[in-house]
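Residue numbers (the numbering used here), protein chains in the order written: chain A, 657 to 678; chain B, -18 to 244.
Printed below as a string of C-alpha cells:
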C-alpha cells in the first residue's frame, strides 16, 4: 500500500510530465 | 552444551540488524535538508551547483533505496536463520538429555520420563513463540525490501528511459516530486512497524539466550545427578518437574504477552 500501483504516472502533475521525452 | 552455531547465528543476525539501522538512520532529516543521501552514502558535500549534480543526486537516491532494500533482505535472512537455529538448538539440548544413562533405578526412570515430557512440552511452546516472532519480523522486513526495491527500480527506470529534460526547472520539479514520495514511502514502509520488528527481535534474542542458558544448566544438573548417583541430594528437582519448569514457562508467557501487545 505504500507505493501506489500507478506510480509514478498517476502521481505526476502535468507540468512535471512535460519535463520528460517519454 | 549450547551449539556454537547458536551464538554464531546470533552475532551474524545482530550485525545485519546494526547495518540496517545505520543505513536508515537520519534518512528523513537528510532528505528534508537536501533531497540527497550522499551524506549517508559517501559523506560528500551536498551543495547543488549544476544540473549534472542534480542528476547525480537523483541516482544516489535510487541507489540508496536499492542498498537499503538489500540490507533489509539480509537482516530478514539472517534473523530467520537465527530463529531457526534457536529452535534447533533447543531441540538439540533435548536430544542431549535423552542420552543420559538409562541404567537407573525404576523409580528414577519414571521421574525422568516425566521430566523429559515437561521439557518437550516446553520446547514445543518455545518454538511456537519463536515462530510468532519470526513471522512478524519476516513480514515487516520482506515488505520493506519489496517496497524499497520497487521504488528504486521506478526511479532508475525514469532516469534511464524517460529522458528528463536537462534543465534546472525540470530537475528541481522532479526532485521535489521525489522528495515528497521518498519521505512518504520511507515513513509508510520503514517507520512504525520496523521499530516494532526491532523490538520483537531484541526481545526474542534476549529471551532465547536466557532460555538456552537455563536449559544448559538443567542438563548439567541432570548429568551431575547421575554421575554421583546421589539421587536423594542431587536429583530432588526430578520429584517435581512442573515446579522445576515453572519459572521458564512463566518466562514464555511473558514473552508471548509482550509479542501480542507489540504486534
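Cβ coordinates follow ideal geometry from the N, Cα and C atoms, glycine included.
The structure presented is a predicted model; accordingly, all values stated were derived computationally and were not measured.
- The Cβ atoms of residue 230 of chain B and residue 103 of chain B sit closer than 8 Å to each other.
- Here the stretch 147 to 162 of chain B makes no contact with the stretch 83 to 102 of chain B; the two share fewer than three CB pairs at distances below 8 Å.
- Across the structure, residue -7 of chain B and residue -15 of chain B are spaced so that their CA atoms are roughly 12 Å apart.
- Contacts between residue 671 of chain A and chain B, judged by CB atoms closer than 9 Å, involve 154 in chain order.
- Excluding residues up to 5 positions away in sequence, -10, -9 and -6 lie with their Cβ nearer than 7 Å to the Cβ of residue 63 of chain B in the same chain.
- Straight-line measurement puts the Cα of residue 178 of chain B at about 15 Å from the Cα of residue -4 of chain B.
- Burial state of residue 42 of chain B is buried, judged by a 10 Å Cβ sphere holding 16 or more other Cβ atoms.
- At least one C-beta of chain A is nearer than 8 Å to the C-beta of residue 169 of chain B.
- Within chain A, the residues whose beta carbon sits less than 7 Å from that of residue 158 of chain B are 668 and 672, listed in sequence order.
- For residue 130 of chain B, no CB of chain A lies under 8 Å from its own CB, so it is not counted at the interface with that chain.
- Taking each of B:198, B:200, B:215 and B:199 in turn and checking the Cα distance to residue 206 of chain B, the smallest one comes out for B:215.
- Counting only runs of 3+ residues, no beta strand (DSSP E) is found wholly inside the stretch 77 to 139 of chain B.
- Distance between residue 151 of chain B and residue 125 of chain B, taken at the CA atoms: about 30 Å.
- For the pair residue 107 of chain B and residue 154 of chain B, the Cα-to-Cα distance works out to about 53 Å.
- Residues of the same chain with a CB within less than 7 Å of the CB of residue 118 of chain B, apart from the 5 flanking positions on each side, are 60, 178, 181 and 182 in chain order.
- For residue 211 of chain B, there is no enclosing alpha helix (DSSP H), since its DSSP letter is neither H nor E.
- When C-beta distances to chain A are compared with 7 Å, every residue of the stretch 96 to 127 of chain B stays at or above that value.
- The Cβ atoms of residue 44 of chain B and residue 0 of chain B lie no closer than 8 Å to each other.
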